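Residue 24 is where the sequence shown starts when you use this note's numbering, and the numbers rise one by one after that. Glycine residues also receive a C-beta, built at the ideal position from the N, C-alpha and C atoms. Everything numeric in this text was worked out from a predicted model, so none of it was measured.
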Amino acid sequence: MQRNTNLPAEEYLQQNHVTEMLEEMVSDLLVRRPANVREHMIQFLQNYVPPQSRAAMAQPNSARVGFQEKFTPARRFSCISQDALVKSRDFRRRGFSSKSISDTKIEIKTYPKSPEQIQILEGIVKKVSFLSFLQKEQTKALIDAMFPMEFEDGKVIIKQGDRGDNFYVIQSGLVDIFKKVGDQPEKKVAQIGDGAYFGELALMTGAPRAATVIAHGSVKCWAIDQTTYLYLLKDVHYQRRQRCKEIITKVPLLAEIPDYQALLIAESLVSQDIPEKTTIIKQGEQGDKFYVILDGEADVIVNGKTVNHLKAGNYFGELALIYSSARAASVISTTPMSIAYISADIFRKVADKCKSTFHANEMTYKKPE
Numbered sequence: 024m025q026r027n028t029n030l031p032a033e034e035y036l037q038q039n040h041v042t043e044m045l046e047e048m049v050s051d052l053l054v055r056r057p058a059n060v061r062e063h064m065i066q067f068l069q070n071y072v073p074p075q076s077r078a079a080m081a082q083p084n085s086a087r088v089g090f091q092e093k094f095t096p097a098r099r100f101s102c103i104s105q106d107a108l109v110k111s112r113d114f115r116r117r118g119f120s121s122k123s124i125s126d127t128k129i130e131i132k133t134y135p136k137s138p139e140q141i142q143i144l145e146g147i148v149k150k151v152s153f154l155s156f157l158q159k160e161q162t163k164a165l166i167d168a169m170f171p172m173e174f175e176d177g178k179v180i181i182k183q184g185d186r187g188d189n190f191y192v193i194q195s196g197l198v199d200i201f202k203k204v205g206d207q208p209e210k211k212v213a214q215i216g217d218g219a220y221f222g223e224l225a226l227m228t229g230a231p232r233a234a235t236v237i238a239h240g241s242v243k244c245w246a247i248d249q250t251t252y253l254y255l256l257k258d259v260h261y262q263r264r265q266r267c268k269e270i271i272t273k274v275p276l277l278a279e280i281p282d283y284q285a286l287l288i289a290e291s292l293v294s295q296d297i298p299e300k301t302t303i304i305k306q307g308e309q310g311d312k313f314y315v316i317l318d319g320e321a322d323v324i325v326n327g328k329t330v331n332h333l334k335a336g337n338y339f340g341e342l343a344l345i346y347s348s349a350r351a352a353s354v355i356s357t358t359p360m361s362i363a364y365i366s367a368d369i370f371r372k373v374a375d376k377c378k379s380t381f382h383a384n385e386m387t388y389k390k391p392e
């Protein structure tokens, strides 16, 4: 293997997309929480494709399925049964460039759905961990792009070991899930039905299918492919990474811990917009969150008196978590605010590394003389 020893360290990491790859791997671990972390990381790295190469891997093929006359033909992918692959190819057209997916221009076709179908899909999307962070308009765009597919009894929808590029939501019917481990015969491990979903790992990593899914009777699904998903949400993932980096630079506290842990905290933060004159935490109540201010201002109130004023980059809510006690003060927004919070469990994992800062900040909660 040829080594490139001439490049500076930072340029070498950037050229080989190491930072981006590690960030995605950490995010994937936090989302999926696998029991065997080492094996999962190895599989992730083996299947990792840099974002700028993903568009080139997309194969715009097609298949027609009989799923309500008002729907246009749906797209086909290599993970679908051979019978589906030979059907007509008058599918929605897409234009690809040789650039990364963020620069690719793709014509995204939308598929009509009844209000009931939309409501069901919205509920399912909220339950899928790696989709739950989407904003309302992003969820709508994702659901609009889901296309209908229909499978007859016994049809193989996905096959273990095949490359995965579709995510499926079952509208009606049942599917059987089979898994083969080592040299052992393939074994049925589960059966799922209406409202269930499968194939989600395909959207995140494009990894080979971990199981075989076969239609048990007639099955109607909604599906979305990896290329469309990446295109629709290309800005979401970029903005999320940028937001994490921005939070780290805005919050002095995060400068006290290793970059890797700071990134993990930033990735775990949940953003929230707060109107003016809103009580975010209340003195005397039990606390289960730690907050940082991204934008806006707030007053710290102890026994009805203002003891401090907080701005972007400040944080609050740590004392109740450190001492497992009630909130020592109330915090009320004085302007519209953008805040972010993490759970008590995540907070406590890094609290020991920031004891000195927390102790200094504790003085702001002292009762006024």
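Checking 7 Å against the spacing of the C-beta atoms, do residue i and residue j come in under that value?
{"i": "Val315", "j": "Tyr338", "result": "yes"}
{"i": "Ala367", "j": "Leu342", "result": "no"}
{"i": "Ala246", "j": "Asn189", "result": "yes"}
{"i": "Ile365", "j": "Ser291", "result": "yes"}
{"i": "Thr358", "j": "Asp322", "result": "no"}
Note down the Cα distance separating residue i from residue j, rounded to an integer number of angstroms.
{"i": "Val236", "j": "Leu154", "result": "22 Å"}
{"i": "Asp199", "j": "Glu175", "result": "13 Å"}
{"i": "Gln309", "j": "Ala335", "result": "24 Å"}
{"i": "Phe67", "j": "Met48", "result": "7 Å"}
{"i": "Ala97", "j": "Leu333", "result": "Annotation note: pLDDT 32 at Ala97 (below 50); position unreliable, coordinate value reported separately. Straight-line Cα distance between these residues: approximately 53 Å."}
{"i": "Ala238", "j": "Gly177", "result": "5 Å"}
{"i": "Thr301", "j": "Thr162", "result": "28 Å"}
{"i": "Glu320", "j": "Met360", "result": "7 Å"}
{"i": "Leu52", "j": "Lys328", "result": "44 Å"}
{"i": "Ala363", "j": "Lys210", "result": "45 Å"}
{"i": "Val242", "j": "Val179", "result": "11 Å"}
{"i": "Val330", "j": "Pro135", "result": "55 Å"}
{"i": "Phe170", "j": "Lys159", "result": "19 Å"}
{"i": "Glu139", "j": "Val151", "result": "19 Å"}
{"i": "Ile355", "j": "Thr42", "result": "38 Å"}
{"i": "Ile369", "j": "Leu317", "result": "19 Å"}
{"i": "Gln142", "j": "Lys149", "result": "11 Å"}
{"i": "Pro57", "j": "Gln207", "result": "22 Å"}
{"i": "Ala164", "j": "Ile131", "result": "10 Å"}
{"i": "Gln214", "j": "Cys244", "result": "15 Å"}
{"i": "Glu185", "j": "Met44", "result": "With the sequence shown as reference, residue 185 is identified as Asp, and Glu is not the correct amino acid for it. Between Asp185 and Met44, the C-alpha separation is close to 23 Å."}
{"i": "Met64", "j": "Ala32", "result": "23 Å"}
{"i": "Glu62", "j": "Leu144", "result": "32 Å"}
{"i": "Gly340", "j": "Asp311", "result": "8 Å"}
{"i": "Tyr35", "j": "Glu46", "result": "16 Å"}
{"i": "Arg371", "j": "Phe313", "result": "10 Å"}
{"i": "Asp248", "j": "Ile297", "result": "35 Å"}
{"i": "Ser137", "j": "Gly240", "result": "24 Å"}
{"i": "Gln72", "j": "Gly205", "result": "The sequence shown places Val at residue 72, rather than the Gln named in the question. Rounded to the nearest angstrom, the two C-alpha atoms are 26 Å apart."}
{"i": "His40", "j": "Gln194", "result": "39 Å"}
{"i": "Leu224", "j": "Gly216", "result": "19 Å"}
Return yes when at least one heavy atom of the ligand FAD lies under 6 Å from the C-beta of residue i, else no.
{"i": "Leu317", "result": "For the structure depicted, the ligand FAD is absent and the ligand set is empty, with no information on it obtainable."}
Looking at chain C, is there any beta carbon in it that lies within less than 7 Å of the beta carbon of residue i?
{"i": "Val60", "result": "Looking at the structure shown, chain C is missing, and only one protein chain is on hand."}
Going along the chain, which residues of its own chain have a beta-carbon closer than 7 Å to the beta-carbon of residue i, five neighbours each way excluded?
{"i": "Thr133", "result": "Asp167, Ala168"}
{"i": "Gln183", "result": "Lys202, Lys203, Arg232, Ala233, Ala234, Thr235"}
{"i": "Ile147", "result": "Val192, Gly218, Tyr220"}
{"i": "Ser353", "result": "Thr302, Ile304, Lys305, Gln306, Ile324"}
{"i": "Arg350", "result": "Ile304, Lys305, Gln306, Gly307, Glu308, Gly310, Ala343"}
Whole-angstrom Cβ separation of residue i and residue j, contact assumed at under 8 Å?
{"i": "Ala230", "j": "Asn70", "result": "4 Å"}
{"i": "Gly196", "j": "Gly222", "result": "With 8 Å as the limit, Gly196 and Gly222 do not qualify as a contact, their Cβ atoms being about 15 Å apart."}
Once you ignore the five residues that flank residue i on each side, which residues in its own chain have a CB closer than 6 Å to its CB?
{"i": "Gln82", "result": "Confidence at Gln82 is low in this model, with a pLDDT of 42, below 50, so its placement is unreliable and no value can be given for it."}
{"i": "Thr95", "result": "Any answer about Thr95 is weak, because its pLDDT of 32 lies below 50 and its placement is not dependable; what the coordinates show is given next. Around Thr95: no qualifying Cβ."}
{"i": "Glu299", "result": "Ser356, Thr358, Pro359"}
{"i": "Ile103", "result": "The predicted model places Ile103 with a pLDDT of 31, which falls under 50 and marks its position as unreliable; any figure quoted below should be read in that light. None."}
Within a Cβ cutoff of 8 Å, which residues of the same chain sit near residue i, ignoring the five residues on either side of it in sequence?
{"i": "Ser294", "result": "Arg266, Leu317, Ser361, Ile362, Ala363"}
{"i": "Ser348", "result": "Leu342"}
{"i": "Leu157", "result": "Val148, Leu165, Leu256, Val259"}
{"i": "Val212", "result": "Ile200, Phe201, Lys202, Ala234"}
What are the uninterrupted segments assigned as beta strand (DSSP E) that are 3 or more residues long and contained completely in the region 312-371, given in chain order?
Inside the region 312-371, DSSP marks whole beta strand (DSSP E) runs of 3 or more residues at positions 312-318, 321-325, 328-333, 353-356, 360-366, from first to last along the chain.
Please specify which runs of the alpha helix (DSSP H), each continuous and at least 4 residues long, are wholly inside the region 154-235, giving them in chain order.
159-168, 223-227
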